[in-house]
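Residues 8 to 185 in the numbering used here are what the sequence shown lists, from first letter to last. Input: a single structure, listed below in structure tokens.
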Amino acid sequence: MKKPSIESQLFEALAFAAHKHRAQRRKDVEASPYINHPIALARTLAVEGGVTDTKTLIAAVLHDTVEDTDTTFEEIGAMFGAKVADIVREVTDDTTLEKAERKRLQVEHAPHISKRAALVKLADKTSNLRDVASSPPHGWPLERKRAYFDWAKAVIDALPPVSKRLRAAFDEAYSKRP
Ligand code: ZN
Numbered sequence: 008m009k010k011p012s013i014e015s016q017l018f019e020a021l022a023f024a025a026h027k028h029r030a031q032r033r034k035d036v037e038a039s040p041y042i043n044h045p046i047a048l049a050r051t052l053a054v055e056g057g058v059t060d061t062k063t064l065i066a067a068v069l070h071d072t073v074e075d076t077d078t079t080f081e082e083i084g085a086m087f088g089a090k091v092a093d094i095v096r097e098v099t100d101d102t103t104l105e106k107a108e109r110k111r112l113q114v115e116h117a118p119h120i121s122k123r124a125a126l127v128k129l130a131d132k133t134s135n136l137r138d139v140a141s142s143p144p145h146g147w148p149l150e151r152k153r154a155y156f157d158w159a160k161a162v163i164d165a166l167p168p169v170s171k172r173l174r175a176a177f178d179e180a181y182s183k184r185p
């Protein structure tokens with residue numbers, strides 16, 4: 008069988024993520040559909056970062072499916088290949104751990120992650136800072152927003168340098184720290 012085109016792989020990933028996240032909403036006041044977030048990440052990578060690597064873009068679309076839905080790495084591997092599953096694994100927190108420990112581990116693991124996973128992380132944190140600045144999660148006091156910005160920057164500062172353009176996008180988002 009002919010290898011599926013890049014476009015068909017990407018649309019397959021979008022449809023898969025939209026289905027998996029169908030019952031979830033973002034934490035903003037409007038409770039936006041969750042899928043807006045993975046779409047924003049892939050958009051940031053492609054449009055702002057000029058990233059054309061299909062595996063990175065697919066992993067961005069799928070990056071929260073295992074952490075936040077019933078999706079397994081095996082399922083991703085079977086549908087999108089082992090490499091994509093590995094990238095998603097690298098950006099997935101161990102949800103059996105306490106929130107504070109998960110946050111600490113993100114900083115600790117950041118220097119050792121692959122280039123593709125680092126690109127996804129850069130876009131993820133950029134997108135999250137933009138959301139916290141423009142439509143913050145319901146009920147977050149100022150201090151919590153600031154702490155989120157500072158933690159995100161600690162993660163990004165610890166990453167290997169992978170993209171000047173995406174780092175600039177992150178820094179621009181960070182400059183809006185409340
Ligand atoms: Zn995310």
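Here a beta-carbon is modelled for each residue, glycine too, at the ideal position from N, C-alpha and C.
Measure the Cβ-Cβ separation of residue i and residue j and say whether it is below 8 angstroms.
i, j, result
"Phe177", "Lys132", "yes"
"Val68", "Ala49", "yes"
"Val114", "Val162", "yes"
"Val169", "Leu136", "no"
"Val127", "Thr63", "yes"
Judging by CA-CA distance, which residue of the options is the nearest neighbour of residue i?
i, options, result
"Ala154", "Arg172, Leu126, Arg184, Val169", "Arg184"
"Glu19", "Lys128, Ile83, Thr76", "Ile83"
"Ile65", "Ala22, Arg33, Ala159", "Ala22"
"Ala165", "Pro118, Tyr41, Pro11", "Pro118"
"Ala175", "Asp60, Ser134, Gly146", "Ser134"
"Val36", "Ala159, His70, Ser12, Val139", "Val139"
"Asp60", "Pro40, Asp71, Ile94, Ala85", "Ile94"
"Tyr41", "Ala180, His28, Thr51, Thr63", "His28"
"Pro144", "Gln16, Lys34, Ala24, Ala30", "Lys34"
"Arg157", "Ala180, Ser170, Ala25", "Strictly speaking, residue 157 in this sequence is Asp, with Arg absent from that position. When each option's Cα is compared against that of Asp157, the closest is Ala180."
"Asp75", "Lys110, Glu108, Ala30, Ile46", "Ala30"
"Met86", "Pro45, Ala24, Leu136", "Ala24"
"Ala159", "Ala47, Ser12, Pro148, Arg109", "Arg109"
Which residues in the same chain have their Cβ closer than 8 angstroms to the Cβ of residue i, if we skip the five residues on either side of it in sequence?
i, result
"Arg96", "Val73, Phe80"
"Leu112", "Asp100, Asp101, Leu104"
"Ala43", "Looking at the sequence shown, residue 43 is not Ala but Asn. Arg33."
"Gln16", "Thr61, Ile65, Phe87"
Flag residue i as yes when its Cβ comes closer than 7 angstroms to any non-hydrogen atom of ligand 1, and as no otherwise.
i, result
"Asp138", "no"
"His28", "no"
"His116", "no"
"His145", "no"
"Asp5", "Examination of residue 5 is not possible in this model, given that the chain is present from 8 through 185 alone."
"His119", "no"
"Asp35", "no"
"Asp71", "yes"
"Asp131", "yes"
Who are the near neighbours of residue i in its chain, counting only those whose CB is closer than 7 angstroms to its CB and skipping five residues on each side?
i, result
"Arg172", "Glu55, Gly56, Gly57"
Note down, in chain order, each residue of its chain lying with its Cβ closer than 6 angstroms to the Cβ of residue i, except the 5 sequence neighbours on either side.
i, result
"Ala38", "Arg32"
"Thr78", "Lys27, Thr72"
"Pro167", "Ala125"
"Ser142", "Asp35"
> Are the stretch 85–99 and the stretch 118–130 touching by the rule of at least three beta carbon pairs closer than 8 angstroms?
Replying inline: yes
>> Counting beta carbon pairs with one atom in the stretch 104–118 and one in the stretch 144–154, are three or more of them shorter than 8 angstroms?
In response: no
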